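**Student:** Handing you a structure now.
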Amino acid sequence: MNAGSLTARAALPRSRGLGDRLGDRLLHGLTALATLLALLVVAAIVWRVADGAWPAIRLFKLGFLWHDVWNAPLDRFGARDLIVGTLVTSFGAMLLSAPLSIAIGLFLSELAPPAIRTSVGTLIDMLAAVPSVVVGLWGIYVLAPFDARHVQPLLGSILGWIPVFAHGGDHVESTVFTAMVVLTIMTVPITSSICRELFLGVPSELEQGAIALGATRWEMVRTVVVPSVRGGVVAAVILGLGRSLGEAIAVTQVIGNFIPLRASIFEPGDTIASRLANQYQGAVSSTQIAALVYLALILLAITFVTNLAARRVVERFER
Amino acid sequence: MTPAPLSLEATGRTRRRLLVSRAAEAAAVGAAAVALGALGVLIWSVGSRGAGALGWSFFTKGPALFGQAGGGIAPALVGTLLLVGVATAFALPVGVLTALYANELAPRRVARQVRLWLDVLNGFPSIVIGIFVFALCVQTSLPVIGWGRHQSAIAGGFALSIIMLPLVSRATMEVLSLVPHDLREASYALGVSRWQTVVRVVVPASLGGILTGTTLAVARAAGETAPLLFTCALAGQAVDWNPTHSVQSIPLTIFQYSESADSNLHRQAWGAAFVLIVAVLLTSLGARLLLDRSRRKLGT
Amino acid sequence: MTRRLIILTAAAALAATGAATAATTDTTITGAGSTFVAPLVSAWTPALGKAFGYTIQYSPVGSGAGIAAITNHQVDFGASDAPLTPDQRAACGDCVQIPWALSATAVAYDVPGAPAHLRLDGPTIARIFLGQITKWNDPAIRKLNPGASMPALGITPVFRSDGSGTSYNFTDYLASVSPAWKAKVGVSTQPAFPAGQGAKGSSGVAGLISRTPGAIGYVDVAYATANHIRFAAVRNAAGKFLYPSLRRIEAAAAAFPKVPAGNEMHIVNAPKSAALAYPISTYTYVIVHRSSTHAAQLRKLIFWALTQGQQPQYTAKLTFAPLSTVRSVLVAAEKTLKTVRPAA
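As given, the protein sequences belong to chains L, Y and H, one line each in that order. Start counting the first sequence at 506; every next residue gets the next number (the numbering used here). Start counting the second sequence at 371; every next residue gets the next number (the numbering used here). Start counting the third sequence at 15; every next residue gets the next number (the numbering used here).
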């Protein structure tokens, strides 16, 4: 498949004509150029964002990461609450979506009758393609009121003694919790679809073997299926995490756009991507623009690290 | 002496293990039901609220004046078509050529690097890509692609193409690797040059998969909002086919209408969401059919 | 057969969209900015098309974004309710700001059981938005509204999350009536509000208020009336509780007859002598470069807006008062407009 397979060279019965050599060169050059362009785009994005953030980096240095005042008129900017908000909403969504995705994956690969398997499986695949703005629209008018009227009071009454679940204001619809649920809805289709493929890929001999040895279905899943696809599942979950971290539109529609962050998830909050969507266009001063691009750089770094982690996990478990 | 009757019923430890298994199964089914229920409610909401907004004027008129009833999303429909067209024109050639290079022509180490960095690009948040294209095309006085210092469908399409590129490329790489090696070997054995092998044998065999990947990438790009916020948001109220102008788009329209208090605009937001979901679902379905057909052709 | 059908359908679709096509010729004038003035520009657009053949493409992206857009030459005109800061004026180069409409910011609320025009005064509003008053049945609110039964509902302040001239106007007012506000938050298009939730755009704020029982926010009168949201009667310097109306906006404008050099007008919290003034009134500006490709068309457009565009058929329903209320402002506006000259 790759350059210079011995078979290919040995099989050529005659010397290649000018047209062939030119064509080869042209193809090589064209495709290499395209690849260079693609890689150039990646480099250009990183460079442009770093360049735009440079005035803010010079001004605020690393203290930007743990100062928490974001005051545009006074030109005082600190990213701490936005970073925390980003991590809390995305990790919260991951905690919610991972078990649900694994459950759906198991359901579709092991437990469901074949008729349901195909129809629900197709539904899940298609839901993975629903645009985030539509999930956000649904979040505003269906999910958020439901959360505010039923879920949040319920959870607040059971777990309200823990500060994280303390009761927010009366009927507060736009909260960190609502954003978490929206992100969960967005990531479950992708992650569960990958999980289903992984579980289906486990050789049936292994599964049958475990059953033949007397394992119950749950034990079979626990001892055979899960260990063999552990890496893939973790990678899929981290993939979902990566998408949540960068999600701007659906989050900004339901999160309330407010910092400083309060202790409870039933209060409004904000994330980096959401703040960029709101403030980048109408920034008051060039310092604010640079601070916002500094935020973008931080977000880029966070998603890059997440991506790398997913690859590392796959590599480690693939052995 | 008659032996004790044989019973297959589980007792003791085995019974406990079975109960645990049943409970785990029930939990899995329950969790799946909860998640699928929520997703089902999503589809149902869009369907029931959006279907009511559809109509002839919805598809042919532009937005109504402030406070007035009626109006439609015709400019947004046209704008999205334009944006997706520009994005595909950028992303399809670059994506396919990159995949060809990585899979057919490059040494293995280079190919691995290319795949890595395309994966990195795939993971970039779309809003950061929007900021990048804004800084590059809209803000600079030396326009790279944006045709001068204003927002345009070309700038917006370029931003969407950056999002499409890794998807097209990865799908093409996958389908290229599915082409049986024997086909290539046979072509070389007949004395065909490398470039002719690639162009006349490998690519046609993978065309179905390339189309599938592109279709899925198009479906994704059609629904992206964040990259358009800064590159193609200052648009007019009427249908505009000019790519050097800023145009309306369906996801941005949904975003703008979604937060308003006007119930007329709400209804149109649901209607636009309905149209978008149906379009995305149809393209995904079409892509799957294409993929199945191309898989059958390749004999996998 | 199917292919022909597809082509025919596509052609029909194109023809249908042609019905709504814009004449994208040289007379397309692009603008962006204030959501505050968007209803009025929307009302002007068909009339301008009929008068001059101009197609106005206006994007209500917020005053902050409008200032950025006109600074970067992305549009022909920018619209902002907030005057340019010295930094913005320097960045914009040869920009001029021209007041071209006059209206007010309403303090809108969604409180079931509250009266139609709740009475509030400046210091109380400031304390609400500072997060110091948290329930609707707080004694401070009840004192201003004797006889009203206020529910024990939590207050959710709603503010603009994007760069907004309405935020500027509202914080301008709060800073003039509350020293605590002036010290803690100040006046800006993007103030750091200490409490509540943010929404994007005037329509976003109106939407969030109407969805959230207990919410209170600031939004232009046109949006509040169009969406049937109730708004407060605010106490002015003369002690009267007034909700915004044409006469009261005119009274506020009339209290400030002098126009400073850069056309920057502050007409909030009019002095006691203006008994009928609504205290959160504001002008809104159009910002253009002195020389640009569409300078000639912009001159005609803005002159029309300053004169014909102020007629009641466009302005009255949207609660915009005519610019001619204060003669000196109209004169200053026209004088500034004269410096906008077509490129040589």
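Just so it is clear, CB atoms sit at the ideal spot from N, CA and C, and this is done for glycine as well. Being a predicted model, the structure only gives us computed values, none of them experimental.
At a Cβ cut of 9 Å, what residues of the segment 404-435 of chain Y count as close to chain L, listed as they run along the chain?
**Tutor:** Val404, Ala405, Leu406, Ala408, Leu409, Gly410, Val411, Leu412, Ile413, Ser415, Val416 and Arg419
**Student:** Under 8 Å, CB to CB, which of the residues in the segment 494-512 of chain Y have a partner in chain H?
**Tutor:** Going along the segment 494-512 of chain Y in chain order, one finds Val508 and Gln509 with a Cβ nearer than 8 Å to chain H.
**Student:** Could you have a look at isoleucine 807/L and say whether DSSP puts it in helix, strand or coil?
**Tutor:** It is helical.
**Student:** Which stretch, first to last residue, makes up the beta strand (DSSP E) that contains histidine 533/L?
**Tutor:** Histidine 533/L: not part of any beta strand (DSSP E); member of the alpha helix (DSSP H) spanning 523-565, first to last residue.
**Student:** Where does valine 404/Y land, buried or exposed, given buried means 16+ other C-beta within 10 angstroms?
**Tutor:** exposed
**Student:** Which residue wins for smallest C-alpha separation from aspartate 135/H, given the options Pro126/H, Ala82/H and Arg156/H?
**Tutor:** Arg156/H
**Student:** Roughly how many angstroms separate the alpha carbons of leucine 376/Y and alanine 720/L, rounded to a whole number?
**Tutor:** Between leucine 376/Y and alanine 720/L, the C-alpha separation is close to 21 Å.
**Student:** Under 8 Å Cβ-Cβ, which residues of chain L neighbour glutamine 566/Y?
**Tutor:** Asp525 and Gly528
**Student:** Glycine 524/L: buried (16+ other C-beta within 10 angstroms of its C-beta) or exposed?
**Tutor:** exposed
**Student:** Residue range of the alpha helix (DSSP H) that proline 445/Y falls in?
**Tutor:** 444-470
**Student:** Tell me, to the nearest whole angstrom, how far the beta carbon of leucine 800/L is from that of proline 495/Y; I am working on the premise that it is less than 8 Å.
**Tutor:** About 11 Å; that fails the 8 Å criterion.
**Student:** Between leucine 781/L and isoleucine 497/Y, how many whole angstroms is the CB-CB distance? I'm expecting something under 8 Å.
**Tutor:** 5 Å
**Student:** Which residues in chain H have a C-beta closer than 8 Å to the C-beta of phenylalanine 582/L? List them in chain order.
**Tutor:** Those do not exist, as phenylalanine 582/L stays about 10 Å from chain H at its closest Cβ, beyond 8 Å.
**Student:** How about valine 75/H and leucine 604/Y: are their beta carbons less than 8 Å apart?
**Tutor:** yes
**Student:** Taking only runs that begin and end inside the segment 115-147 of chain H, name each unbroken alpha helix (DSSP H) of 4 or more residues, in chain order.
**Tutor:** 136-143
**Student:** So is tryptophan 666/L in contact with chain H if we call contact Cβ pairs under 8 Å?
**Tutor:** no
**Student:** Using a Cβ-Cβ cut-off of 6 Å (strictly less than) and excluding sequence neighbours within five positions of glycine 672/Y, which residues of its own chain qualify?
**Tutor:** Beyond the ends of chain Y as shown, which are 371 and 670, falls residue 672/Y; an answer cannot be given.
**Student:** Residues of chain Y with CB under 8 Å from aspartate 630/L, in chain order?
**Tutor:** Ser654 and Arg658
**Student:** Could you work out which residues of chain H lie near glycine 641/Y, taking near to mean beta carbons separated by less than 9 Å?
**Tutor:** In chain order: nothing, as chain H lies at least about 16 Å away.
**Student:** Just how far apart, CA to CA, sit isoleucine 754/L and alanine 83/H?
**Tutor:** Those two C-alpha atoms are separated by around 22 Å.
**Student:** Label lysine 214/H either buried or exposed according to how many other C-beta atoms from any shown protein chain fall within 10 Å of its C-beta, with 16 as the threshold for buried.
**Tutor:** Buried.
**Student:** In whole angstroms, what is the alpha-carbon distance linking leucine 541/L and alanine 461/Y?
**Tutor:** 14 Å
**Student:** With a cut-off of 8 Å, does the C-beta of glutamine 638/Y fall near any C-beta of chain H?
**Tutor:** Interface with chain H (8 Å Cβ-Cβ cutoff): glutamine 638/Y is excluded.
**Student:** Where serine 628/Y and arginine 485/Y are concerned, what is the direct C-alpha to C-alpha distance, given to the nearest angstrom?
**Tutor:** Their Cα atoms are separated by approximately 38 Å.
**Student:** Answer with buried or exposed for alanine 740/L, where buried requires no fewer than 16 other C-beta atoms within 10 angstroms of its C-beta.
**Tutor:** buried
**Student:** Taking C-alpha atoms, which residue in Asp101/H, Thr41/H and Ile142/H lies nearest to glycine 231/H?
**Tutor:** Ile142/H
**Student:** So, does the CB of proline 694/L fall closer than 8 Å to a CB anywhere in chain Y?
**Tutor:** yes
**Student:** If you measure from the beta carbon of serine 637/L to each beta carbon in chain H, is any gap under 8 Å?
**Tutor:** Residue contact check for serine 637/L against chain H: no CB pair falls below 8 Å.
**Student:** Go ahead and pull the three-state DSSP assignment for arginine 581/L.
**Tutor:** strand
**Student:** Fully enclosed by the segment 478-564 of chain Y, which alpha helix (DSSP H) runs are 4 residues long or longer?
**Tutor:** Every unbroken stretch of the alpha helix (DSSP H) spanning 4 or more residues and falling wholly within the segment 478-564 of chain Y is given here in chain order: 478-493, 496-503, 523-548 and 551-559.
**Student:** Decide if serine 342/H is buried, meaning its Cβ has at least 16 other Cβ atoms within 10 Å, or exposed.
**Tutor:** Around the beta-carbon of serine 342/H, fewer than 16 other beta-carbon atoms lie within 10 Å, marking it exposed.
**Student:** Who are the neighbours of arginine 519/Y on chain H, taking C-beta pairs under 9 Å?
**Tutor:** Asn86, His87 and Gln88
**Student:** Ordered along the chain, which non-local residues of its own chain (more than five positions away) have a Cβ less than 7 Å from that of leucine 488/Y?
**Tutor:** Pro536, Ser539 and Arg540
**Student:** I want to see whether chain L comes within less than 8 Å of lysine 331/H, judged by CB atoms only; does it?
**Tutor:** no
**Student:** Which partner residues does phenylalanine 255/H have in the DSSP bridge list?
**Tutor:** Arg249/H
**Student:** Is alanine 269/H buried or exposed, if buried means 16 or more other CB atoms sit within 10 Å of its CB?
**Tutor:** It is buried - the Cβ of alanine 269/H has at least 16 other Cβ atoms within 10 Å.
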